[in-house]
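Each remark here refers to the structure printed beneath this line.
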Amino acid sequence: MKRAADVTLVLVLLLASAAALLAGGPAATPADALAALAGGGTQEARMVVLGLRLPRLLLGIGVGAALALAGAALQSLLGNPLADPFLLGISGGGAAAATAAFALLPAAALGLVPAAAMAGAAGATALVWWMARGPLGSSSTRMILAGVAVNAAASAAILTILSVAPSPRLPGALAVTMGSLASANGAAVAWLAPYLFVPAFVLLLHGRDLGLLATGEESAAALGVEVGTVRRRVFLAAAALSGGAVAFAGVIGFVGLVTPHLCRMVWGQSTRRLLPRAALAGAALMVLGDLVARRAVAPAELPVGVVTALLGVPFFVVLLRRTS
Amino acid sequence: MLPFACAGPPASGAVDQTGATVPPGPVRRVVPLAPDVTELAFALGAGDLVVAVPTAADFPPEVQRLPRVAPADLEAIVALRPDLVLATTAGSDPRAVARLHELGVRVFTVDVTSFDRLAAACREVGRILGRRAQGDRLAASVEARCARAGAAAASLPQRGALYVVWWEPLIVAAPGTFHDDLLRRAALGNLAPGGAGRYPRVDLELLLDPRLQVIVAADEPDLRAGFARTEAAPAGARIARGEVRVIWLPADPASRPGPRLPLALEALVAARERMERQGTGHRAQGAEGER
């Protein structure tokens, strides 16, 4: 049963990816796209499929997997079902820095916005970590509270920047706050892939430790888990994944929060196996969300964060009602 | 210019372009809330009635010697004791306008979504400012310039086009905007989708749509920088190959639905005429007034 569900998840991701590559307007119809994927077709269709849709698909897979993985790890680490990159202020810190960069940088330097977002996410992470430190170390509750405070400060900073930003810069700044995969290109994917791979690997490596930590810190320590080290590594890895996601896709708040819960409801509580499944499910949700965002009112685009929420929430509600 | 006392402001009321009623009363102290309506007031010869201008106003040069007011600073606006505030749907915060209405301040809001609406705005604002003759003359001038540009454009082949207001993300002017009318009058068919707002964000693939032949944008540094990055990206392939031509219009006339908007249309038609004469094979076409 669980194996069948795993296969279903992979199939959903593959089908969503195929649809994302094939679906499109006059620049490359599904038939054109199919020909381009087979190595033929017009130069235009190859440009659209390989130059636009493929990087966008890969970015969607990377961002969706990163957010879901980060959410699953943070929820297990902090023992809080509401923990995710957004609640902990990491996404907010990245978005605030990106919005400020949009408002302040000279026109020729706007390409530095992703770097600013990543620096903002790192700064927010450091701030949360520092604020959560008490005489007896950092507790989960302190970390959540610190995250909430940093997130509130980031939201206030974003709103302040948006209200005073020069009006020609507003569209770009708003796009950061609403989330979009439209900026995907080969360079972004080539840069992001190794950046996401390392923290993802760290999290997967600590899957068992996270499972033990979820049962309590003392029992985990008794079973040989180095709680402080694991906590530090997992938090930094989750923060790095979130920073990478917000740098290239803006704030997409739903995927990191709900995807791990969806996986737990379907496959049970095993944290070790939850992480790869959450990554797959997050990638599938993001690819499907972006497909709908791109095609629902084509050629106009909807914010992808809105679509992932619209797709995921009903599914989540049904599962919540069915499970005890 | 005559002092306001000689202008004979009317005491009659009006209905503005959003359908809101503007009560009757004298007009001696005018505060425009956006650069386009500031330009309109001055073009109507009512600059002497203007007691403050919005912070973004930079034309005509006379505005430099007037006090500045932030369009969202209701306290400062009320303190100026205006008997008429000029607002626009192209940039004025509707909540601020509603609050001014509630406070009993007379507000006339223009909603310029086409050149016809611009001519109507010239007449209606001219009338409420007590500059009926100037309003009629300005409207007639707008109509005549549009007609001349339209006649010149009639000989141009129809081409698929987009008016780009931002490159990253790609945001374009939809049907029903003054930018759409600008394209239409220059024999350009707007490929932007309708029903998704006036300025929707669109899929980058639209830049590779084979129907797209011309892109029009305001010539300002942010847009030039965004264009350079887009042109170098896969989505800019047709632009880089010269299959899609880019026409840069003088920024302020093209971005503000005010009395200088006909200048943008004339520049666009002139650029199109040059473009058609040159045929295919060049990359970006500058318009009159280009920096």
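Keeping their order, the protein sequence lines are chains A and B.
Everything in the first sequence is counted per our numbering, starting at 10 for the first residue and increasing by one.
Everything in the second sequence is counted per our numbering, starting at 3 for the first residue and increasing by one.
Glycine residues also receive a C-beta, built at the ideal position from the N, C-alpha and C atoms.
Is there a Cβ from chain A that is less than 7 angstroms from the Cβ of residue i?
i                        : result
glutamate 207 of chain B : yes
alanine 72 of chain B    : no
aspartate 221 of chain B : no
proline 177 of chain B   : no
proline 195 of chain B   : yes
tryptophan 1 of chain B  : Coverage of chain B is limited to positions 3 through 293, which leaves residue 1 of chain B absent and any answer about it impossible.
aspartate 224 of chain B : yes
alanine 89 of chain B    : no
alanine 59 of chain B    : no
glycine 155 of chain B   : Looking at the sequence provided, one finds alanine at residue 155 of chain B rather than glycine. No, because no Cβ of chain A sits closer than 7 angstroms to the Cβ of alanine 155 of chain B.
leucine 164 of chain B   : no
arginine 293 of chain B  : Caution applies to arginine 293 of chain B, whose pLDDT of 30 falls short of 50 and renders its modelled position unreliable; the value that the coordinates give is listed next. So, not an interface residue.
Going along chain B in order, which residues have a C-beta closer than 7 angstroms to the C-beta of residue i?
i                    : result
valine 57 of chain A : Glu207, Leu210
Which whole-angstrom value describes the C-beta separation of residue i and residue j, a residue pair presumed to lie in contact below a C-beta threshold of 8 angstroms?
i                            : j                         : result
arginine 240 of chain B      : valine 246 of chain B     : 5 angstroms
alanine 191 of chain A       : leucine 206 of chain B    : 6 angstroms
glycine 298 of chain A       : leucine 201 of chain A    : At roughly 18 angstroms, the Cβ-Cβ gap does not stay under 8 angstroms, so glycine 298 of chain A and leucine 201 of chain A are not in contact.
leucine 35 of chain B        : valine 87 of chain B      : 6 angstroms
glycine 191 of chain B       : threonine 115 of chain B  : Their Cβ separation, rounded to whole angstroms, is 18 angstroms, which puts glycine 191 of chain B and threonine 115 of chain B out of contact at 8 angstroms.
alanine 176 of chain B       : aspartate 183 of chain B  : Incorrect: roughly 12 angstroms between the Cβ atoms, too far for contact.
phenylalanine 229 of chain B : tryptophan 169 of chain B : 6 angstroms
alanine 25 of chain A        : glycine 265 of chain A    : Actually they are not in contact, since the Cβ atoms of alanine 25 of chain A and glycine 265 of chain A sit about 18 angstroms apart, beyond 8 angstroms.
threonine 108 of chain A     : threonine 186 of chain A  : 7 angstroms
Taking only three categories from DSSP, how would you classify residue i?
i                         : result
glycine 283 of chain B    : Bear in mind that the predicted position of glycine 283 of chain B carries a pLDDT of just 44, short of 50, making it unreliable; the figure below should be weighed with that in mind. Coil, per DSSP.
arginine 31 of chain B    : coil
proline 180 of chain A    : helix
valine 39 of chain B      : helix
leucine 119 of chain A    : helix
tryptophan 296 of chain B : No information on residue 296 of chain B is available, as it lies outside the stretch 3 to 293 that chain B covers here.
leucine 76 of chain B     : helix
glycine 162 of chain B    : strand
arginine 70 of chain B    : strand
alanine 74 of chain A     : helix
leucine 319 of chain A    : helix
proline 255 of chain B    : helix
proline 208 of chain A    : helix
valine 157 of chain A     : helix
threonine 23 of chain B   : strand
arginine 247 of chain B   : strand
valine 174 of chain B     : strand
leucine 86 of chain B     : strand
arginine 274 of chain B   : helix
Which residues in chain D have a C-beta closer than 9 angstroms to the C-beta of residue i? List them in chain order.
i                      : result
proline 236 of chain B : Chain labels in this structure do not include chain D; the protein chains are A and B.
Mind pulling the chain A residues with CB within less than 8 angstroms of residue i?
i                       : result
proline 171 of chain B  : Pro180, Gly181, Ala184, Ser189, Ala191, Ser192, Glu310
arginine 213 of chain B : Pro35
Counting contacts by CB-CB distance shorter than 7 angstroms, is residue i in contact with chain B?
i                        : result
valine 306 of chain A    : yes
threonine 317 of chain A : no
glycine 34 of chain A    : yes
arginine 303 of chain A  : yes
alanine 29 of chain A    : no
Residues of chain A with CB under 7 angstroms from residue i, in chain order?
i                      : result
proline 202 of chain B : Ala309
alanine 198 of chain B : Val306, Ala309
valine 227 of chain B  : Checking the displayed sequence, the identity of residue 227 of chain B turns out to be alanine instead of valine. Within chain A, the residues near alanine 227 of chain B are Ala116, Ala117, Leu119.
Starting from residue i, find everything on chain B with Cβ-Cβ shorter than 8 angstroms and list it in chain order.
i                      : result
glycine 120 of chain A : Arg231
What residues of chain B sit near residue i, judged by a beta carbon separation below 9 angstroms?
i                       : result
glutamate 53 of chain A : Leu210, Pro212, Ala239, Arg240
Ranges of the beta strand (DSSP E) found wholly within the segment 91 to 147 of chain B, counting only runs of at least 3: Scanning the segment 91 to 147 of chain B for uninterrupted beta strand (DSSP E) segments of 3 residues or longer gives 109 to 112, listed from N- to C-terminal end.
Whole runs of the alpha helix (DSSP H) within the segment 176 to 200 of chain B, excluding any shorter than 4 residues: DSSP runs (the alpha helix (DSSP H)) wholly in the segment 176 to 200 of chain B: 180 to 187.
Complete alpha helix (DSSP H) runs within the segment 198 to 245 of chain B (minimum length 4 residues, chain order): Whole alpha helix (DSSP H) segments, 4+ residues: 223 to 234, 239 to 242.
Alpha helix (DSSP H) segments (min. 4 residues) lying fully within the segment 215 to 293 of chain A: As for any alpha helix (DSSP H) of minimum length 4 sitting wholly inside the segment 215 to 293 of chain A, the runs are 216 to 222, 226 to 231, 236 to 258, 264 to 276, ordered along the chain.
In chain order, each alpha helix (DSSP H) run of at least 4 residues that lies wholly inside the segment 35 to 68 of chain A: Counting only runs of 4 or more, we get 39 to 46, 52 to 55.
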